[in-house]
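2 protein chains.
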Amino acid sequence: MTAVLVVDDAPDLLKVLKITLQAHGYDVTTAADGHTALLAASQQPFAVIILDLGLPDMDGTTVIRELRTASRVPILVLSARHSSDDKVEALDAGADDYITKPFGPDELLARLRALLRRTTDPEQEPVVVTQDFTVDLAKHRVVRDRNEVRLTPTEWSVLELLVRNPEKLLTQQQILSEVWGPAYAKDANYLRVYMAQLRRKLEPDTANPRYLLTVAGLGYRFQP
Amino acid sequence: MTAVLVVDDAPDLLKVLKITLQAHGYDVTTAADGHTALLAASQQPFAVIILDLGLPDMDGTTVIRELRTASRVPILVLSARHSSDDKVEALDAGADDYITKPFGPDELLARLRALLRRTTDPEQEPVVVTQDFTVDLAKHRVVRDRNEVRLTPTEWSVLELLVRNPEKLLTQQQILSEVWGPAYAKDANYLRVYMAQLRRKLEPDTANPRYLLTVAGLGYRFQP
DNA sequence: CCCAATCTTGACGAATCCTTAACGCTCCCT
DNA sequence: AGGGAGCGTTAAGGATTCGTCAAGATTGGG
C-alpha cells in the first residue's frame, strides 16, 4: 500500500484529507506541525508528502528544505496563498507541485496520481524465480547457476510469453501467432524446435521437464 | 541546452512563451497544432513539452495520449479551463502538471524547473567505475589508465545511455530514438559504428567485449 | 573561405540466428 | 503387432545481423 504523509494544522481539513485518501487506498499518516512532520518523515519512508504551507511552528519553505536535505521524496504543497512568488519559492525549495485552496478532492487525487506515476519506479516488471533459474523481464535476462544464459531473440520471445502467463496453458496457435505472427499459426515445428532449445538451456533434466511442460495435444505451460 | 517543445495555437502567446523560455536558456521549438506537435516530438527528443489544450485540430487529451504511446516525456499542460474534471482528465491521460490561464511567467518557469528537476536523472551515483575505466556522468569525463579518453558528442550520448541503465538490455530502437531522435529508429548502422568506436576506446580486448555487450538481434547492454 | 573534427553512408567478411528436414520415441488405435 | 500421429532432438544450409573499415558529406571555428 502506498504510504502518504499529510501535514496540516487545521484538524478539520486534515480529517477530510485522511478519509478521502484512505478511501482511495492510501496508507495515511498525519502530522499537525513541521517538527512532527520531519520526525515522521525521518522514521519511515513515504511515497509522497502532502504539505500545507501554513504551519504554526515553522515556515513552509523551511520544512521543504529540511525534507530535501534528507530525501528526494515527492512533495505536494497545499496553500491558501495564490501569489506567484509563494509558488516559485515553494517549488524552488524542492516542492513538486503546488495546489491553491480551495481545491476539489478530485484534483488533489489526480495530481497525486500524476506525481506518483512519475516518481514510482517503473520496475514493475516482475522477476520470476525458480529453483534452477531466474528470469528478469525488465533486464531481458536469464541467469542460471550464477551464469547468464544466452538466448536468441526468438527463444526469448517464447520464454517471455510463457513466463508472463505462469501456470496457464498456452496453445500452440497462441504462441505461434504471438511470436511469429498470425500467419504462421499452422507450422508447429518451429515451436518444437524452440521448446527443445529452451529446455536444453534451462531445465536441469532435459528429458523430464519441470518448468516448461507439454500439455499433450494442446500446447505448453510454464510452471514456476 | 534543454530542448523544449511549446504547442499553442495562439500566435501571440506562443511568441511570448518562446521569448521568455529562450531568455532563460531553453532551446525552444514551437508548434501551432496537434499534428505538427506529434510530428516534431517523433523526430527529436525533448526534455519537456508545454501543451496548450485548446488546439484547433485535435482534442488536447488525445494529443497527450498519442505522445504517451511513444514516450515518457514530461508534459506540462496550459489551459483556460479551470474545472476539476478538465484537470483530472488531462492529468490521468498522462500530463505531469496543469496550469490554468492566466498565469505569470514566473510560475510557469518555476513549475518547469520542478518538473525537470524531478525528471532529469538524480545523479545519485554519478561515477561509474569498472576495472578498466571510469565514467563520471556529472563531469562528462571518461578516464582510462589515468588518461582521459576523448569522446565525441555522439559517442558520449550512447555511452551515457548505456551506463545509466546498467545490466539492462537496451534495444537498438531505444538507443537510436534516444540519441538520434525517434525518426531514426530504423537505421541500425549508425549504432554499430559507434559501438565499435566505444569498444576501441574503452574495451581492453576489442574482439571480446567485457562491458559493452551485444545481445544479438535485440540490442546492447552495459555490464559494470 | 578553408581546415579539422565529427557524422553519415556503403561495402564486405564474420558471426549469429532461423528455417527446414530427417529420424527416434512414445502413445494410442486398429 | 503394425502403423500413424504428435512430440523431442539434432544438424546443416541459407538468411539475417554484426563488426569493421574507409571514403564522402556535414558541421563548426578560425
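Quick note, the sequences are listed as chains U and E, same order. Quick note on our numbering: the first sequence kicks off at 3 and runs consecutively. Quick note on our numbering: the second sequence kicks off at 3 and runs consecutively. Even glycine gets a Cβ: it sits at the ideal position worked out from N, Cα and C.
For a test of the three-state rule: what should DSSP assign to residue i, helix, strand or coil?
{"i": "aspartate 14 of chain U", "result": "helix"}
{"i": "glutamate 109 of chain U", "result": "helix"}
{"i": "valine 79 of chain U", "result": "strand"}
{"i": "arginine 212 of chain U", "result": "coil"}
{"i": "glycine 1 of chain E", "result": "Past the edges of chain E, shown from 3 to 226, lies residue 1 of chain E, and the structure says nothing about it."}
{"i": "alanine 5 of chain E", "result": "strand"}
{"i": "arginine 70 of chain U", "result": "helix"}
{"i": "glutamate 91 of chain U", "result": "helix"}
{"i": "alanine 140 of chain U", "result": "coil"}
{"i": "asparagine 191 of chain U", "result": "helix"}
{"i": "threonine 154 of chain U", "result": "coil"}
{"i": "leucine 172 of chain U", "result": "strand"}
{"i": "alanine 49 of chain E", "result": "coil"}
{"i": "alanine 33 of chain E", "result": "strand"}
Compute the Euclidean distance between the alpha carbons of residue i and residue j, then round it to the nearest angstrom.
{"i": "glutamine 225 of chain U", "j": "valine 160 of chain U", "result": "14 Å"}
{"i": "leucine 220 of chain U", "j": "isoleucine 101 of chain U", "result": "56 Å"}
{"i": "threonine 216 of chain E", "j": "proline 184 of chain U", "result": "29 Å"}
{"i": "arginine 70 of chain E", "j": "threonine 121 of chain E", "result": "15 Å"}
{"i": "phenylalanine 135 of chain U", "j": "valine 79 of chain E", "result": "46 Å"}
{"i": "threonine 63 of chain E", "j": "alanine 92 of chain E", "result": "6 Å"}
{"i": "valine 75 of chain U", "j": "proline 104 of chain U", "result": "25 Å"}
{"i": "aspartate 87 of chain U", "j": "leucine 164 of chain E", "result": "40 Å"}
{"i": "alanine 198 of chain E", "j": "alanine 209 of chain E", "result": "10 Å"}
{"i": "glutamine 174 of chain U", "j": "arginine 212 of chain E", "result": "38 Å"}
{"i": "proline 58 of chain E", "j": "proline 13 of chain E", "result": "13 Å"}
{"i": "valine 181 of chain E", "j": "asparagine 191 of chain U", "result": "40 Å"}
{"i": "aspartate 99 of chain E", "j": "threonine 156 of chain E", "result": "32 Å"}
Of the residues the options, which one's Cα is nearest the Cα of residue i?
{"i": "valine 231 of chain U", "options": "U/Leu193, U/Leu114, U/Val144, U/Asp87", "result": "It is not possible to answer for residue 231 of chain U, since the shown part of chain U is limited to 3 through 226."}
{"i": "proline 168 of chain E", "options": "U/Glu162, U/Arg166, U/Lys141", "result": "U/Lys141"}
{"i": "glycine 106 of chain U", "options": "E/Pro13, E/Lys89, E/Ala25, E/Leu40", "result": "E/Lys89"}
{"i": "histidine 26 of chain E", "options": "E/Met3, E/Asp14, E/Ala34", "result": "E/Met3"}
{"i": "methionine 60 of chain U", "options": "U/Val50, U/Glu162, U/Leu40, U/Ser44", "result": "U/Leu40"}
{"i": "valine 144 of chain U", "options": "E/Leu171, E/Leu110, E/Glu150", "result": "E/Leu171"}
{"i": "alanine 72 of chain E", "options": "E/Ala5, E/Pro155, E/Phe48", "result": "E/Phe48"}
{"i": "glutamate 162 of chain U", "options": "U/Val129, U/Lys188, U/Arg67, U/Gln45", "result": "U/Val129"}
Below 7 Å on C-beta distance, what does residue i contact in chain U?
{"i": "aspartate 94 of chain E", "result": "Ala112, Arg115"}
{"i": "glycine 219 of chain E", "result": "Thr154, Pro155"}
For residue i, which residues in chain E fall below 8 Å Cβ to Cβ?
{"i": "alanine 140 of chain U", "result": "Lys170"}
For residue i, count neighbouring C-beta atoms within 10 Å of its own C-beta (all shown protein chains included) and say buried if the count is 16 or more, exposed if not.
{"i": "glutamate 127 of chain U", "result": "exposed"}
{"i": "isoleucine 177 of chain U", "result": "buried"}
{"i": "arginine 194 of chain U", "result": "exposed"}
{"i": "glycine 96 of chain U", "result": "buried"}
{"i": "isoleucine 77 of chain U", "result": "buried"}
{"i": "glutamine 133 of chain U", "result": "exposed"}
{"i": "valine 264 of chain U", "result": "Here chain U has residues from 3 to 226 only, and residue 264 of chain U is not among them."}
{"i": "isoleucine 21 of chain U", "result": "exposed"}
{"i": "alanine 218 of chain U", "result": "exposed"}
Check the Cβ of residue i against every Cβ in chain E and list those closer than 7 Å, keeping chain order.
{"i": "glutamate 109 of chain U", "result": "Ser86, Lys89, Val90"}
For residue i, go through chain U and note every residue whose CB falls closer than 8 Å to its CB, in chain order.
{"i": "alanine 97 of chain E", "result": "Ala116"}
{"i": "arginine 120 of chain E", "result": "Pro76, Asp98, Arg120, Thr121"}
{"i": "glycine 106 of chain E", "result": "Ser86"}
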